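Here the structure comes first, spelled out in structure tokens, and everything after it is commentary.
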Amino acid sequence: MYKTKTKETDHDVMELLDQIENPRKREDSFHMLAIFQEVTQLQPKIWGKDIIGFGSYHYRYDSGREGTAPLTGFAARKTKFSLYLSMKEHKKSAFLEKLGKYKAGKGCVYVNKLADIDIEVLKQMIQESMEFSKKQHVD
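Here our numbering runs 2 ahead of the position in the sequence shown, where the first position is 1.
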């Protein structure tokens, strides 16, 4: 049986961010934390080793596999931030046109540094992601 690796932990978020070696990445990480907290109005939790998540939802697939995941969040990777933002594809595309410099994967948006993006657009994306995730995962 499959076991979810990315689970909420009780590790300290500030301690995680303090360990970031690159001073600019560390400063951006604390700013990113403040942005997500402002928009979500939720306290951050570490999921897995390094995902900073806000809120949570329970999911269950048709296969029977189920688990819990954060509603939204980010991870400060070595070179980029991984932003976990869920929304309908047409809305995501519209936001991305205005976001700034990014790369997009199937489930994440990747940005190098906060100076590369429009913070107000990011805030709108976080809000949309929260609303979308809550609607999709109502028990």
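We treat Cβ as the ideally placed atom computed from N, Cα and C, and that holds for glycine. Computed from a prediction, not measured in an experiment: that's the story for all the values here.
*asked:* Measuring straight from C-alpha to C-alpha, what distance separates Pro25 and Val123?
replied: 25 angstroms
*The beta strand (DSSP E) with Ala1 in it runs from where to where?*
Shown here, the chain extends from 3 to 141; a query on residue 1 therefore has no answer.
*Are Lys47 and Glu10 closer than 7 angstroms when you measure CB to CB?*
yes
*Residues in its own chain within less than 7 angstroms of Gln129 by CB, not counting five upstream and five downstream?*
Here Gln129 has Val41 as same chain residues with Cβ atoms under 7 angstroms from its own Cβ, once five neighbours each way along the sequence are excluded.
*Roughly how many angstroms lie between the CA atoms of Leu116 and Arg79, to the nearest whole one?*
13 angstroms
*Using a threshold of 7 angstroms, state whether the C-beta atoms of Ser95 and Ser131 are closer than that.*
no
*Measuring CB to CB, does Ser58 end up less than 7 angstroms from Thr70?*
Against a cut-off of 7 angstroms, the Cβ pair of Thr70 and Ser58 comes out as a contact.
*Inter-residue Cα distance where the pair is Leu35 and Asp64*: 34 angstroms
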